[in-house]
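Undergrad:
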Amino acid sequence: SDITLCQSDTLFPVQHTELVEFMWDDGTTNSFHVVTSSGNYGVTITNEFGCTAHDEIWVTVIPLPEVNLGADTTLRSGDFMLLNAGNPDALFLWSTGETTQSITGFADQTYWVQVVKDGCMANDTIFIGEFPPCTLAIPTAFSPNDDGINDIIYVRGDHFIEFELLIFNRWGQLVFQTKNNAQGWDGTFQGKKQAVDAYNYLLRGKCVDGQVISSKGTITLLR
């Protein structure tokens, strides 16, 4: 009988033996036919004796609902985003068990949704990753006395993409500046060892998640 199917459903003709050949109206010869649009579909079947039979069927194709949760993405810890399956008036089932059109998605989770509209189902999945914690810091003291221990002060941290360190003496003079975490301050300025004192610093950086962080304080130079 004429039938209504969802887009990309497959028709299998009824057959009474495997020793038959198929010829669909579009010239394909599979024993099945993938239906993508409404229309009349006909097939001729030939058995091993050369006898043929032909039948036609009108198929009404219902398009699948379009479901797009977006590309996989990454959030900061504690952040969230709205996941919208679209297709108002459809039926929804999320991996969380929720049945609303939209839900709230959090970092470090995989979400899928099944959408049923006009009897046809489609689904989509999204993974929401989580940016790793970003840290950027500098020790509060060092001793550049050439004993091989804490002679140079470096910026240390994780998951940052750029930074700038500025160190000033008590008169506000810039004595050290770097954007390279492999380059540290050895306690000298213009080739001269600096006095034991507290030096002000300003540390600014950008994390892999785009967050801009900054800190300031003092570094004690010891001998």
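In this note's numbering, the protein residues as written are 2 to 224. Where a beta carbon is used, it is the ideal one built from N, C-alpha and C, also for glycine.
Which partner residues of residue 125 appear in the DSSP bridge assignment?
TA: Partner(s): 114.
Undergrad: For residue 106, count neighbouring C-beta atoms within 10 Å of its own C-beta (all shown protein chains included) and say buried if the count is 16 or more, exposed if not.
TA: So residue 106 counts as buried.
Undergrad: Taking the beta carbon of residue 154 as the centre, do at least 16 other beta carbons fall within 10 Å, making it buried, or is it exposed?
TA: Result: buried.
Undergrad: Does DSSP put residue 180 in a helix, in a strand, or in coil?
TA: Three-state result, residue 180: coil.
Undergrad: From what residue to what residue does the beta strand (DSSP E) around residue 165 run?
TA: 161-169 is the span of the beta strand (DSSP E), which, as asked, contains residue 165.
Undergrad: Roughly how far, in whole angstroms, is the beta-carbon of residue 131 from the beta-carbon of residue 78, given that I think they are within contact range, below 8 Å?
TA: Between residue 78 and residue 131 the Cβ distance is about 6 Å, and since that is below 8 Å, they are a contact.
Undergrad: Could you give the distance in angstroms between the alpha-carbon of residue 122 and the alpha-carbon of residue 93?
TA: Rounded to whole angstroms, residue 122 to residue 93 spans 10 Å at the Cα level.
Undergrad: Can you name, in chain order, every residue of its own chain whose Cβ lies under 8 Å from the Cβ of residue 11, other than the five neighbours on each side?
TA: Within the same chain, residue 11 has close Cβ partners 33, 34, 35, 36.
Undergrad: Can you list, in chain order, the residues of its chain with a C-beta nearer than 7 Å to that of residue 118? Leave out the 5 residues immediately preceding and following it.
TA: Cβ neighbours of residue 118 beyond the five flanking positions: 66, 88, 91.
Undergrad: Rounded to whole angstroms, how far is the Cβ of residue 6 from the Cβ of residue 60, which I believe are closer than 8 Å?
TA: Residue 6 to residue 60, Cβ: 6 Å. Contact.
Undergrad: At the level of alpha carbons, what is the spacing between residue 199 and residue 166?
TA: Roughly 16 Å separates the two Cα atoms.
Undergrad: Specify whether the region 186-199 and the region 210-217 touch according to this definition: at least 3 beta carbon pairs, one from each stretch, less than 8 Å apart.
TA: Flag = no, the region 186-199 and the region 210-217 do not touch.
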